[in-house]
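A short worksheet on the structure shown next.
Protein chains: 2
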Amino acid sequence: MLKYQQIAAEIEKYIEDNALQQGDKLPVLETLMAQFEVSKSTITKSLDLLEKKGVVFQVRGSGIFVRRHKRKGYISLLSNQGFKENLEDFNITSEVIELEVRKPTKEVALALNIELNEDVYYIKRVRYINGQTLCLEESFYNKSIITYLNKEIASESIFYYIREGLGLKVGFSDMYLHVDKLNEEEAKYLGLKKGEPKLYVETLFHLTNGQPFDFSKVTYNYEQSQFFIQTNSQFL
Amino acid sequence: MLKYQQIAAEIEKYIEDNALQQGDKLPVLETLMAQFEVSKSTITKSLDLLEKKGVVFQVRGSGIFVRRHKRKGYISLLSNQGFKENLEDFNITSEVIELEVRKPTKEVALALNIELNEDVYYIKRVRYINGQTLCLEESFYNKSIITYLNKEIASESIFYYIREGLGLKVGFSDMYLHVDKLNEEEAKYLGLKKGEPKLYVETLFHLTNGQPFDFSKVTYNYEQSQFFIQTNSQFL
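Put into structure tokens, the structure is as follows:
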């Protein structure tokens, strides 16, 4: 973790510990610089990161303010993709249904930008939130990048292992989502009825060098899935 | 539009015009600086903006590469909120069902951070995509910020009017989404059956100064709603 990332994490913790609310003003730059004993450029980078993450917003000439979503029980749709710390508020567990090395289908090969005779790790899991089914997940990992996986890893956070175990840098992702009706198999795994609503999300994850390494297909239990997304002005 | 935003738009157009693909490399910084006759700091800001928007990705020591989502027919969920240019690929029209000034409910007052005796513009619209129902939208605008609206404005892009007509700066938004079953009224407006799936999205839009100005509730027709979201590493 770089210095500015560390400071950003500390500022986030400060907001948390002091239960600061939406619109509360943070100390001015000079105070933050003194408090964390860092340069102006470092503190600026920390604040920019926190702004991107939706933790603060900056008003030119006016200051830095806390930005918080106010609803309990909502999962961050974007962070959830990487299974991040903020999910620790929830008790998430995984049951591995299937894990094997196989050849990709055409669709998977195209997504991962590999040949049909290369290998992928195929993993099928049911994930639970507070004891209820959250989603059915099928993931395809490019085996030449994610060189090793096993059931124990897959029953925990695969992304944590990819970052910490394999030392890879996760860069960006493309998500495609739509709403549809559950088919029989999905309904069975989620404990719902065929024809009930589902949120279906396909995601293609890339390393920072642009290589796609994971193509995942997730079917969410609509009864357990409340998501929030914070956006910044570049999207609006 | 600031210089760096203008250059960013030109680079985006260059990628479009030359039909560059995912992973294609852009010219090096020096070439871009010369081509657009701008300083290094301007071109850097332009590229940072394009990276945030998901148009390019930068690999340290290696270059700037094109980032594109590959699927046709998907709407950008984040841009869609602001009803942006990339929706021009689709033919979107609106039918205004209701437009009036009223007092907010407790829920709306809380969201917009106003008192119960203040005024909001209430707008109910059905939006169509390529002639099919896309969504049913109910929006509540803080009238002390959005001082004037009428049916003609509401049948076009309200956000375009807010930016260009009222000169306001849209800053950030919080979206809450879940999947559920259509109730009778929603089904009627969308031309679907009660109990069929829906994607339901509540969004609270803020100005750059942090003031919430629009609280909207949108129910999407699941048959017409295919969304994509591009994320960057800060979320992963």
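Chains as they are written, first to last, in UniProt numbering: chain S, 1 to 236; chain L, 1 to 236.
In this text, a Cβ means the ideal position worked out from N, Cα and C, and glycines have one as well.
Since we're looking at a predicted model, the values are computed, not measured.
| Check | Outcome |
| --- | --- |
| Using a beta-carbon distance below 8 Å, is G210 of chain L in contact with chain S? | yes |
| Quick one: grab the DSSP three-state call for I146 of chain S. | coil |
| Return the chain-ordered ranges of every beta strand (DSSP E) run that is complete within the segment 156-223 of chain S and spans a minimum of 3 residues. | 170-181, 197-207 and 212-221 |
| Following the continuous beta strand (DSSP E) through K124 of chain L, name the residue where it begins and the one where it ends. | V120 to I129 |
| Return the CA-CA distance between G82 of chain S and K151 of chain L, expressed in angstroms with no decimal places. | Residue placement at G82 of chain S is poorly supported in this model, since its pLDDT is 49, which falls under 50; the coordinates still yield a value, given next. In a straight line, the C-alpha of G82 of chain S is about 43 Å away from that of K151 of chain L. |
| Whole-angstrom Cβ separation of S155 of chain S and V96 of chain S, contact assumed at under 8 Å? | 5 Å |
| Please classify M1 of chain S as buried or exposed, where buried requires at least 16 neighbouring CB atoms within 10 angstroms. | exposed |
| Going by DSSP, name the residue or residues bridged to F36 of chain S. | Its beta-bridge partners do not exist; DSSP assigns none. |
| Return yes when the Cβ of D119 of chain S is within less than 8 Å of the Cβ of V108 of chain S, no when it is not. | no |
| Which residue's Cα is closest to the Cα of D24 of chain S: L:Q230, L:S225, L:S144 and L:Q211? | L:Q211 |
| Give the interface partners of F57 of chain L over in chain S, defined as CB-CB distance under 7 Å, in chain order. | G171, F172 and G210 |
| In or out: D174 of chain S buried (at least 16 other Cβ within 10 Å) or exposed? | buried |
| Under the three-state reduction of DSSP, which class applies to S46 of chain S: helix, strand or coil? | helix |
| Quick one: residues in its chain with C-beta nearer than 8 Å to the C-beta of N232 of chain L, no 5 flanking neighbours on either side, listed in chain order? | E51, K52 and G54 |
| Taking just the CA atoms, how far does L149 of chain S sit from I92 of chain L? | 46 Å |
| Would you mind reading off the limits of the beta strand (DSSP E) that contains V59 of chain L? | V56 to V59 |
| Tell me which same chain residues have a C-beta within less than 7 Å of the C-beta of Q226 of chain L, skipping the five on either side of it? | G73, Y74 and I75 |
| Return the CA-CA distance between Q230 of chain L and V56 of chain L, expressed in angstroms with no decimal places. | 11 Å |
| Using the C-alpha atoms, what's the distance from L207 of chain S back to V170 of chain S? | 4 Å |
| Under 8 Å, Cβ to Cβ, is there at least one residue of chain S near I153 of chain L? | no |
| Could you please give the first and the last residue of the uninterrupted beta strand (DSSP E) stretch that includes Q6 of chain S? | Where Q6 of chain S is concerned, there is no enclosing beta strand (DSSP E), although the alpha helix (DSSP H) it sits in stretches over K3 to D17. |
| Hey, is S225 of chain L's beta-carbon within less than 8 Å of any beta-carbon in chain S? | yes |
| So which of S:L78, S:K124 and S:A111 has the shortest CA-CA distance to E98 of chain S? | S:K124 |
| Compute the Euclidean distance between the alpha carbons of residue 248 of chain S and S39 of chain S, then round it to the nearest angstrom. | Because chain S is modelled from 1 through 236, residue 248 of chain S falls outside the range shown and cannot be assessed. |
| Quick one: residues in its chain with C-beta nearer than 6 Å to the C-beta of K143 of chain L, no 5 flanking neighbours on either side, listed in chain order? | D119, V120 and Y121 |
| Should Y222 of chain L be labelled buried (16 or more other beta-carbon atoms within 10 Å of its own) or exposed? | buried |
| Quick one: does N232 of chain S have its CB under 8 Å from some CB of chain L? | yes |
| Taking R67 of chain L as the reference, which of L:E138, L:L112 and L:I11 has the closest Cα? | L:I11 |
| Is any beta-carbon of chain S found at less than 8 Å from that of M33 of chain L? | no |
| Cutting at 8 Å between CB atoms, please list the residues of its own chain near Y176 of chain L, excluding the five before and the five after it. | V201, E202 and T203 |
| Under 8 Å between C-beta atoms, does L199 of chain S make it to chain L? | yes |
| With a CB to CB cut of under 6 Å and the five nearest residues on each side skipped, what residues in its chain are close to A187 of chain S? | K193 and K194 |
| Assuming the contact rule is C-beta atoms closer than 8 Å, L49 of chain L and Q5 of chain L should be a hit. Round their C-beta distance to whole Å, please. | 7 Å |
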